[in-house]
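Residue numbers (this note's numbering): 254 to 357.
Right, here's the structure in full:
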């Protein structure tokens, strides 16, 4: 079954070809890149171009930073505050990981 707009789409593409809109495009004549996750290819590309990170990646980085900071602290009150922060980050990470396991 044809899409009701397929004729219009074909005409738009033909007009663009005639105007030369597809000439000298970057990557022209090269194979398309392999997609590890074709279903989410557009989302992955948008996230990569926006330099977006998943919550899991962000939380893991924050945990590493908090662990490094904890190593440098000598005051017991400061250490307790950082330990509490580290504990909260681990809890958030566990929640994110569980949500990912359940919902993808």
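All C-beta atoms, glycine included, are put in the ideal place defined by N, C-alpha and C.
Query raised in the report: Does the separation of the CB atoms of residue 345 and residue 312 fall below 8 Å?
Result: As a working mapping, residue 345 is identified with position 92 in the chain shown. As a working mapping, residue 312 is identified with position 59 in the chain shown. Between residue 345 and residue 312, the gap from beta carbon to beta carbon is short of 8 Å.
Query - Of the listed residues 298, 262, 283, 282, nearest to residue 224 (C-alpha basis) - result: Only positions 254 to 357 of the chain appear in this structure, which leaves residue 224 out of reach.
**Report entry** residue 278 classed as buried or exposed, judged by whether at least 16 other C-beta atoms fall within 10 angstroms
**Finding:** Counting from one through the chain shown, the residue named residue 278 turns up at place 25. It counts as exposed.
Query raised in the report: Of all the options 295, 332, 349, which has the alpha carbon lying nearest to the alpha carbon of residue 309?
Result: Position 56 of the chain shown, counted from the start, is the residue given in the question as residue 309. Taking only the C-alpha atoms, the option nearest residue 309 is 349.
Query raised in the report: Would you call the CB atoms of residue 332 and residue 339 closer than 8 Å?
Result: Walking along the chain shown from the start, residue 332 turns up at place 79. Walking along the chain shown from the start, residue 339 turns up at place 86. Going by C-beta atoms, residue 332 is not nearer than 8 Å to residue 339.
**Report entry** Status (buried if at least 16 other CB within 10 Å, exposed otherwise) for residue 317
**Finding:** Stepping through the chain shown from its first residue, residue 317 is reached at position 64. It counts as exposed.
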